[in-house]
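As you go down the protein sequences, you meet chains A, B and C in turn.
Just so you know, our numbering puts 92 at position 101 of the first sequence, and the rest follows in order with no gaps.
Just so you know, our numbering puts 131 at position 87 of the second sequence, and the rest follows in order with no gaps.
Just so you know, our numbering puts 75 at position 71 of the third sequence, and the rest follows in order with no gaps.
Even glycine gets a Cβ: it sits at the ideal position worked out from N, Cα and C.
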Amino acid sequence: MVEYRIDRRSGVATYVQIVQQTKQALRLGHLRPGDRLPTAREVVEATAINPNTVLKAYRELEREGLVEARRGLGTFVKRSLGTAPAAESPLHGELDDWAARARAAGLDRDDVAALFTAVLEKHFAVHEKHLQGESS
Amino acid sequence: MTTLTAPAPAPRAHLTRWLLRLHRPTLYVWAGLVLAAAVLLLLLRGPLADAAADAWRQYDSCTDWRRCTYDQNAILRYKDWYSYATLAVAAVPFLTAAWAGGAFGKELESGTAKLAWTQSSTPVRWLAVRLAVPAAAVAAGTALLVWLHHLAWATANDRIDTAKQWYDVWTFHTNGPTLPALALCGLAAGALTGLLSRRTLPALGLGLLLTGAVWTATQLLLPRLWPTRTSTGKAFFALPNSSWTVRTGKHAEVPYGDYHPASHYWPLQLTTTALLLAVTALLTLGCFLALRRLTGKTTAG
Amino acid sequence: MTDTAIAASALGKRFGRRGGWALRDCAFRLPAGRVCAVVGPNGAGKSTLLALAAGLLGATEGELTVLGTTPAKARPRVGYVAQDKPLYPQLTVAETLRMGADLNPGRWDAAAAERIVAAGDLDPKSRIRTLSGGQRTRVALALALGKQPELLLLDEPMADLDPLARHELMGVLMVQAAQHGTTIAMSSHVVAELEDSCDHLLLIGGGRVRLAGEIDDLLAAHTRVAAEAGTDLAPHTVVDSRTTGRQLSALVRPAGPLPAGWHTGAPTLEELVLAHLRNPEAPALTAVEATV
């Protein structure tokens, strides 16, 4: 069973946090096909967030084909996510090289973070906007 | 004041039960007060009056003043306890007003009235129950007390020389239905000041003041509530003690007096009671109007 | 069952004949099943609005419909908890709940009320006057929820509560919404307190409704923009704008696509609320049409 932790200061929409944490649990194998996700009641009792937010996150997961809702029974995991550790991917190596070069060029930690965030926003802002703007 | 209960949806909410529960201490105090006063009045009517009457008989039969023995203490004891009993009974309307003002003021001040108004029954029904139940308790208690007081007074009449006349200010009210009527009036006055001031202490004080004002006005009007008889000259001086002279004067050098004979006791009691009940009805109407002002026009239904 | 929990049109409330208007020209609609944050500064008219909906006050003008009928007729189906959580101090917790059962015949869910009280480790035999603020709030909520209301009105429910009690009680409310679809409207002057729990917003400022609608829609209808100082923001509706040095930052309601040269971002709920409260003259947005 997965337990959601909502970080109010992260700036990430609450339902996105639930989606991300579910995917993380799928990647790490904490959730496997056939497992039941906590009911909206269980989630809201523990987190005090709006039940519609939980349902919205579950709908998003369902849309991505990761879970399925069974009427009157709950929401169940349909398939797991590839568990290839991110650390072994070539992307990780490239980013590692880039960080080393940035350091050699005299950038400090904050400079790197600002640069990285700017690039991240450029490439991922559209997706994020899509998620936030979607209404139920 | 009797038929205030508004129509309620079925199933009925048990408002009365909770009113009694919330004011249980007051109910006990009221029952204790009535009981104590009743016991005192029964004692007055029985042993105390008998002892005083005996003492008066001894006193009246005295011929030799130097050797006269009579139980002076019994006479004084009767006189004192009669006064205490009369005052205790006469205080009931004012106690009622203070309680009602305090109780209503507190419910509005602490917000528990809002709690009551947001349950399933209407504010109108809340007020109706809050007036009708104490009205029943106060009316029953005071009716018993004035009846016992009347008995105690009647037994002393003609036997005890210092017994109060029927028209004595306090005795008049504590002997008949005017007192229960004034008590109901006090209840409505306290409720109204509570609903208007919405604070405990001001409501308590204003409730007392309003009841005092009604009582004073009644006192001023009382002699005029039934036509007086007029007696002139010798006949005027020959009127019995039981005649209540309300006005004297001289007309062409002949003294005259307007008076109420003892037979006017009941007409005066009933007209005064009717007047007080009319005032009570007006104050009660004022309570419902004040409630409507508080909770909006749409509270009925 | 109606799909509208509360609907107001031209609603106004004035205290006394010569008093000021506590609420004026209010028009909004709260659909059933929502958890609505009634937000605004102290004295903005939040309590007045909730009291009107609870049938505790009569409107001076305009119309207010609650659960498809008048507030007075809706009374048995509406739960209300006033700001100071009034309860009878001389009663015990158990007696208070029994009173709830007696005063709401045919509606009372004793098990639900007792569950809420029991979850707070409250001894049913303790007197109300001995309870802490959080415990009082719990009993007041149990009393309101035991009535199985279709609409629950809460005036500043979380004020004076420690963070733990606040979290627990908000959990109780969210469970109610999840299980029974109860419409909840709760007021607060702290937006952050309600942000995660509510999906609908009613922003009240100066006795008027400034924003009303689904939080997601309201956020989507606004954009945070940064542009060069002196940029003309027309034809977009400007809610708030400030110029710092060479940069103009503003919160706008786009009337169409924004120029590519502007830096844009999605506002947070708090930014949205503050921008509207800072600018009372900014036009209200009370009926959000399908946007973006």
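Is the beta carbon of residue i less than 8 angstroms from the beta carbon of residue j?
i: Val42(C); j: Leu53(C); result: yes
i: Gln12(A); j: Asp(-2)(A); result: no
i: Thr222(B); j: Thr70(B); result: no
i: Thr215(B); j: Thr130(B); result: yes
i: Trp197(B); j: Ser286(B); result: no
i: Leu28(A); j: Tyr49(A); result: yes
i: Gly185(C); j: Gly37(C); result: yes
i: Leu72(A); j: Leu17(A); result: yes
i: Leu223(C); j: Pro263(C); result: no
i: Arg71(C); j: Ala9(C); result: Before going on, a small fix: residue 71(C) reads as Leu here, not Arg. Cβ atoms of Leu71(C) and Ala9(C): closer than 8 angstroms.
i: Pro226(C); j: Arg250(C); result: Sequence inspection shows His at residue 226(C); the Pro mentioned does not correspond to that position. Not in contact: His226(C) and Arg250(C) (Cβ atoms no closer than 8 angstroms).
i: Trp125(B); j: Leu84(B); result: yes
Using a Cβ-Cβ cut-off of 8 angstroms, state whether residue i counts as contacting chain B.
i: Met178(C); result: no
i: Arg21(C); result: no
i: Leu61(C); result: yes
i: Arg79(C); result: yes
i: Gly91(C); result: Per the sequence presented here, residue 91(C) reads as Leu, with Gly not at that position. Output row for Leu91(C): interface = yes.
i: Ala86(C); result: yes
i: Arg33(C); result: no
i: Pro109(C); result: yes
Whose C-beta lies closer than 6 angstroms to the C-beta of residue i among residues of the same chain, with five residues either side of it excluded?
i: Arg133(C); result: Pro93
i: Thr47(B); result: Unreliable positioning characterises Thr47(B) in this predicted model, as indicated by a pLDDT of 47, which lies under 50. The coordinate reading is nonetheless provided below. So the list is empty, once near-sequence residues are dropped.
i: Leu158(C); result: Val85 and Met190
i: Pro51(B); result: Because the pLDDT at Pro51(B) is just 49, under 50, the model does not fix this residue reliably, and the point stays unresolved.
i: Lys150(B); result: Thr244
i: Leu226(B); result: Pro137 and Leu320
i: Arg170(C); result: Met162
i: Leu34(C); result: Ala9, Ile10 and Cys40
Bridge partners for residue i per DSSP, in chain order?
i: Pro178(B); result: BP columns for Pro178(B) are empty, so no partner.
i: Thr247(C); result: Leu252(C)
i: Leu61(C); result: Answer by DSSP bridge pairing: none, since Leu61(C) is not bridged.
i: Asp302(B); result: Thr274(B) and Arg291(B)
i: His240(C); result: According to DSSP, His240(C) bridges with nothing at all.
i: Leu215(C); result: Leu207(C) and Leu289(C)
Let me see if you follow: with CB-CB separation under 8 angstroms, is residue i close to chain C or not?
i: Glu51(A); result: no
i: Glu55(A); result: no
i: Leu171(B); result: no
i: His58(B); result: yes
i: Thr156(B); result: yes
i: Val10(A); result: no
i: Arg61(B); result: yes
i: Thr162(B); result: yes
i: Thr108(A); result: no
i: Ser127(B); result: no
Within 8 angstroms of any Cβ in chain A, is that where the Cβ of residue i sits?
i: Ser201(C); result: yes
i: Met103(C); result: no
i: Gly217(C); result: no
i: Gly124(C); result: no
i: Gln251(C); result: no
i: Met162(C); result: no
i: His184(C); result: no
i: Gly137(C); result: no
i: Val277(C); result: no
i: Met190(C); result: no
i: Arg267(C); result: Residue identity check: residue 267(C) is His in the sequence provided, not Arg. For His267(C), the answer is no, since every Cβ of chain A falls outside 8 angstroms of its Cβ.
i: Ala291(C); result: no
Contact defined as beta carbons within less than 8 angstroms: I believe residue i pairs with residue j. What is the distance between those atoms, to the nearest angstrom?
i: Tyr300(B); j: Thr272(B); result: Incorrect: roughly 11 angstroms between the Cβ atoms, too far for contact.
i: Ser130(C); j: Val97(C); result: 6 angstroms
Just to confirm my understanding: we take residue i, look at its own chain, exclude 5 residues before and 5 after, and list those with CB closer than 7 angstroms. What are they?
i: Asp164(C); result: Gly137
i: Thr30(A); result: Gly65
i: Leu86(B); result: Leu192
i: Ile120(C); result: Arg142, Leu145, Ala146, Leu149 and Val176
i: Phe32(C); result: Ala12, Leu206, Val213, Ala216 and Thr290
i: His308(B); result: Trp270
i: Asp203(C); result: Arg38, Val39, Glu218 and Ile219
i: Pro284(C); result: Gly209 and Gly210
i: Phe148(B); result: Gly234, Ala235, Gly238, Leu239 and Ala247
i: Asp29(C); result: Ala14, Gly16 and Arg212
Give every residue of the same chain whose Cβ lies closer than 8 angstroms to the Cβ of residue i, excluding the five residues on either side of it in the sequence, and list them in chain order.
i: Leu173(C); result: Gly138, Thr141, Arg142, Leu145, Pro161, Met162 and Leu165
i: Ile40(A); result: Ile(-3), Thr5 and Val34
i: Asp102(A); result: Ala93
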